[in-house]
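For reference, the structure discussed in these notes is given below.
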Amino acid sequence: MKLRTWLLLSFVLFTLLIVVLFGTITYRIAIDNQVEREINRLHHSLKEQAAAITARKRNIRLREWLQTAESGRDIYLVLDRNAAGELRPVMSSTATTPLDNGVYALLQEQIDAGKIGGQISLRDQPYLWVTARIAAGSSLLLTLHQLDHHVTSPLRTLGIRIVAAGAVAVWVAVWGGLVVSGLFEKRQKKHDAILIHQALHDELTGLPKRKLLHDRLLQAVLRAQRERHNAALLIMDLDRFKEINDTLGHHSGDELLQHVGNRLRQALRKSDTVARLGGDEFAILAPDCDIEQAILIAKKTMQIMEPPYSIHGIEVAVQPSIGIAVYPEHGEDADAITRHADVAMYQAKHGGGYAVYAPEADPHSLQRLALMGELRVALARDQTTLHYQPQVDSFSGRVTGVEALARWNHPERGFIRPDEFIAIAESSGQIKTLTDVVLRQAFRQYQAWHQAGVTLNISLNLSARNLHDSGLPARIARLLAAWNVPPASIRLEITESAMLVDPAKAKRILSEFDAMGLGLAIDDFGTGYSSLSYLKQLPVNIIKIDKSFVMNMIRDEDDASIVRATIDLAHNLGLKVVAEGVENEETGSALRALGCDYLQGYHISKPLPADEIVRWLSRRQAPRGGLAGAAT
Numbered sequence: 021m022k023l024r025t026w027l028l029l030s031f032v033l034f035t036l037l038i039v040v041l042f043g044t045i046t047y048r049i050a051i052d053n054q055v056e057r058e059i060n061r062l063h064h065s066l067k068e069q070a071a072a073i074t075a076r077k078r079n080i081r082l083r084e085w086l087q088t089a090e091s092g093r094d095i096y097l098v099l100d101r102n103a104a105g106e107l108r109p110v111m112s113s114t115a116t117t118p119l120d121n122g123v124y125a126l127l128q129e130q131i132d133a134g135k136i137g138g139q140i141s142l143r144d145q146p147y148l149w150v151t152a153r154i155a156a157g158s159s160l161l162l163t164l165h166q167l168d169h170h171v172t173s174p175l176r177t178l179g180i181r182i183v184a185a186g187a188v189a190v191w192v193a194v195w196g197g198l199v200v201s202g203l204f205e206k207r208q209k210k211h212d213a214i215l216i217h218q219a220l221h222d223e224l225t226g227l228p229k230r231k232l233l234h235d236r237l238l239q240a241v242l243r244a245q246r247e248r249h250n251a252a253l254l255i256m257d258l259d260r261f262k263e264i265n266d267t268l269g270h271h272s273g274d275e276l277l278q279h280v281g282n283r284l285r286q287a288l289r290k291s292d293t294v295a296r297l298g299g300d301e302f303a304i305l306a307p308d309c310d311i312e313q314a315i316l317i318a319k320k321t322m323q324i325m326e327p328p329y330s331i332h333g334i335e336v337a338v339q340p341s342i343g344i345a346v347y348p349e350h351g352e353d354a355d356a357i358t359r360h361a362d363v364a365m366y367q368a369k370h371g372g373g374y375a376v377y378a379p380e381a382d383p384h385s386l387q388r389l390a391l392m393g394e395l396r397v398a399l400a401r402d403q404t405t406l407h408y409q410p411q412v413d414s415f416s417g418r419v420t421g422v423e424a425l426a427r428w429n430h431p432e433r434g435f436i437r438p439d440e441f442i443a444i445a446e447s448s449g450q451i452k453t454l455t456d457v458v459l460r461q462a463f464r465q466y467q468a469w470h471q472a473g474v475t476l477n478i479s480l481n482l483s484a485r486n487l488h489d490s491g492l493p494a495r496i497a498r499l500l501a502a503w504n505v506p507p508a509s510i511r512l513e514i515t516e517s518a519m520l521v522d523p524a525k526a527k528r529i530l531s532e533f534d535a536m537g538l539g540l541a542i543d544d545f546g547t548g549y550s551s552l553s554y555l556k557q558l559p560v561n562i563i564k565i566d567k568s569f570v571m572n573m574i575r576d577e578d579d580a581s582i583v584r585a586t587i588d589l590a591h592n593l594g595l596k597v598v599a600e601g602v603e604n605e606e607t608g609s610a611l612r613a614l615g616c617d618y619l620q621g622y623h624i625s626k627p628l629p630a631d632e633i634v635r636w637l638s639r640r641q642a643p644r645g646g647l648a649g650a651a652t
């Protein structure tokens, strides 16, 4: 039952209760007052009769009076006390005494208590009794007077009036209850609406919260299913927000979030939903929007976020990382779209700007989950292989070594990209097994080449997780001894970003490798945030310039400047330099002119299987100013 109905019923029932109580009390008082007036009238009349009787001879006067009164409706009795002190009738206006002993006893009790009259029931009829003392004697004159309509008719009128007043009161109560309950319900609805709004909207920015966004996304997906179109979800995270929050304080951080919410709300379409998911994370729901349109929204969002914000007089700039997921390409329901947009946002954080969901980069996708199990089987059965890409001396063209690169040719899925299955190995904890397999295969191949009369230094890549493996140096030492490989013929390559995750631990484990006589190189140099003061403390002897700078150095002066500065820096620190990504002779010539020590890239050779490396070496001729040369 609705609250309004309960209020109305309560209001009416309370009014009825008050009317009944008031009417009952009023009726009772009215009856008592009417009976009391009638008793007083009868007593006054009876006293006059008693006084008239006293003026004459008592007994004669009483008999005459009783004979006269016998024809009336009232009953008259003369009461006297017997030897026991009990009141008993000595004369009566009727032939028989209408009262029994119990009634006389009750009357005597009330008379002795000082009462002059009262109400009594005789033969189921209401009577009033009244007494008056006859002078010069102990006798009492008692009158029994039957109540009739002249006493009860005013009470009936009063009852009718009370009922009428009660009906009016109930009518007023009904309408009053309706008005009060309506006002209460209206106020309650307003209060409920405020509570619902607070529950579904962010208090700081006024934007919808995650629950409301999910409900609207669910409706957008259902509508897209019916009408066969798309729906896009963009999840945005603010870069460097924690740094701003910690530097300027949480109050300034909250103000920044309010500014961001206002910009998003004003810049997007009315049909779009902008929500704050929590912290510095926002979302944009764009119904009827495909991938291309979602990318345009992402670009527009980045554009409107670009101007700096003024926070207490300080110019603060933040850039978003935006993940995009679109129904039905990236999920069949709202939960899948939300999760995939979140995954894409983290992908964008690594690459910068925005990113469209890519299943192969999703650590929780079914494909990746299947690959985790299949990679475990492949490593156990030694199904992964190594390809080797040559490195040459930039001036003599002599082959100085090869870089071992892991390959996985899946029996059903075909070639799996190295960055994909290596990321799976890292996230699933299989990187240790993969590293051991690569080390074993590389050392075994070194021994096979050596027996065939080919001696090549081998470079091996280590993951950031390998630098947390304290048992790795001992395992490498055992493998070197087992395959009779000189430590100086092995070079371990570690990315600068991997070393900066835990610099102290990286320095410790690199020092162990250096003590073993292994060569050490910093891979992908220039892509991280290097500390030059820390770099000179590391026991490395080679820096590898990332191919992203080398490939465009002929056309991009900035890349050329970075390459030039890196070569000069390395030489000043007494380090050798390897340039990756040499795709043509023009790049190779430019690198030689800058003094680069070693070259690596497709212009020299793509990564080759072990048996093809031997044939490739046999086809090479003596160097004549180019990149060709013979292995040593």
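First residue of the sequence shown: 21, per our numbering; consecutive thereafter.
Positions of the beta carbon are idealized from the N, C-alpha and C atoms, including for glycine.
Could you name the residues that DSSP lists as bridge partners for residue i?
i	result
H430	G434
R108	D100
D300	Paired residue(s): none; D300 is not in a bridge.
L558	L558 pairs with nothing; no bridge assigned.
S479	E423, R511
T586	Note: T586 sits in no beta bridge, so no partner.
V599	One detail in the question is off: residue 599 reads as Ala in this sequence, not Val. Answer is I565, L619, bridged to A599.
E335	S330
A375	G343
So residue i and residue j are supposed to be a Cβ contact under 8 Å. How far apart are they, rounded?
i	j	result
V412	V419	5 Å
T404	V457	6 Å
Y124	L148	That belief does not hold up - the Cβ atoms of Y124 and L148 are roughly 17 Å apart, past 8 Å.
G351	H360	5 Å
Y366	I344	With 8 Å as the limit, Y366 and I344 do not qualify as a contact, their Cβ atoms being about 12 Å apart.
P493	F463	Actually they are not in contact, since the Cβ atoms of P493 and F463 sit about 15 Å apart, beyond 8 Å.
F455	L425	Note on identity: in this sequence residue 455 is Thr, with Phe being the wrong assignment. In fact, because the Cβ distance is near 14 Å, the residues do not count as touching under 8 Å.
N561	K596	6 Å
N250	V397	Not really, about 38 Å apart at Cβ, beyond 8 Å.
Taking buried to mean at least 16 other C-beta atoms within 10 Å of its own C-beta, is residue i buried or exposed?
i	result
T475	exposed
T267	exposed
F302	buried
G546	buried
R635	exposed
N604	exposed
G621	buried
R379	Inspection of the sequence shows that residue 379 is occupied by Pro rather than by Arg. Exposed.
T270	Residue 270 is actually His in this sequence, not Thr. Answer is exposed; the Cβ neighbour count stays below 16.
K564	buried
D631	exposed
N504	exposed
L203	exposed
G137	buried
G649	Because G649 carries a pLDDT of 36, less than 50, the predicted location of this residue cannot be relied on, and the following value inherits that uncertainty. Buried, because 16 or more other Cβ atoms sit within 10 Å of the Cβ of G649.
R260	exposed
L224	exposed
Can you tell me where the beta strand (DSSP E) with residue i in it begins and where it stops?
i	result
H221	Element bounds for H221: n/a, residue is neither H nor E.
H165	160 to 166
Y622	From DSSP, Y622 is part of no beta strand (DSSP E); its letter is neither H nor E.
Q411	405 to 413
P340	340 to 347
R153	145 to 153
I331	329 to 331
D266	Per DSSP, D266 belongs to no beta strand (DSSP E); it is in the alpha helix (DSSP H), 261 to 268.
A541	539 to 545
A251	251 to 258
For the alpha helix (DSSP H) containing residue i, name the first residue and the last one.
i	result
I496	492 to 503
M325	311 to 325
R612	605 to 614
A462	451 to 471
E129	121 to 132
E247	230 to 247
I529	523 to 536
D631	630 to 639
May I ask you to check if the CB of residue i is nearer than 7 Å to at least one heavy atom of the ligand SAH?
i	result
N60	No copy of the ligand SAH appears in this structure; indeed no ligand is present at all.
query: Between the segment 338 to 345 and the segment 230 to 248, do at least 3 Cβ pairs fall closer than 8 Å?
result: Contact annotation: the segment 338 to 345 does not touch the segment 230 to 248, with fewer than three C-beta pairs closer than 8 Å.
- prompt: Taking three-plus beta-carbon pairs below 8 Å as touching, is the segment 487 to 502 in contact with the segment 522 to 538?
  reply: Yes: the two stretches touch, three or more of their Cβ pairs being nearer than 8 Å.
message: I'd like to know if the segment 586 to 593 and the segment 624 to 632 are in contact, where contact means that at least 3 CB-CB pairs between them fall below 8 Å.
response: Taking 8 Å as the limit for Cβ pairs, the verdict is that the segment 624 to 632 does not touch the segment 586 to 593.
query: Looking at C-beta atoms only, is the number of pairs between the segment 598 to 615 and the segment 427 to 436 that lie closer than 8 Å three or more?
result: Counting Cβ pairs under 8 Å, fewer than three are found: no touch.
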